[in-house]
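Heads up: the structure comes next, in structure tokens.
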Amino acid sequence: MTKNLKKSRTANVGDLVSLFYEEYFALYGDEELASLAAAATVNDILCEQEVGRSKMAPSLEEAA
């Protein structure tokens, strides 16, 4: 993991994209593959968060 993320426990989406890109580029050595892998990883994280939110929020039927 990079030093920037270790120093701060909060990160924005741009920080995550950059972090994953750096890690995937080091792993694969290919800019395009690293870019696609970073985008897919961040997308997966955002989708998981959205699913988590929808599980926590009561449905309209439950709220009534």
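The opening residue of the sequence shown carries number 17 in the numbering used here; numbering runs sequentially from there.
Beta carbons are placed, not taken as given, at the ideal position from N, Cα and C, and that holds for glycine.
Because the structure is a prediction, the values reported are computed rather than measured.
Simplified DSSP assignment, three categories, for residue i
i	result
alanine 27	coil
aspartate 60	helix
glycine 45	coil
Straight-line gap, residue i to residue j (C-alpha atoms, nearest Å)
i	j	result
leucine 32	alanine 55	9 Å
valine 29	leucine 52	15 Å
glycine 45	valine 58	19 Å
tyrosine 40	leucine 62	18 Å
tyrosine 37	alanine 27	15 Å
alanine 50	glutamate 64	21 Å
Any non-hydrogen atom of the ligand GTP within 7 Å of residue i CB
i	result
aspartate 31	Inclusion of the ligand GTP in the displayed structure is not the case, the ligand content being empty and no account of it being possible.
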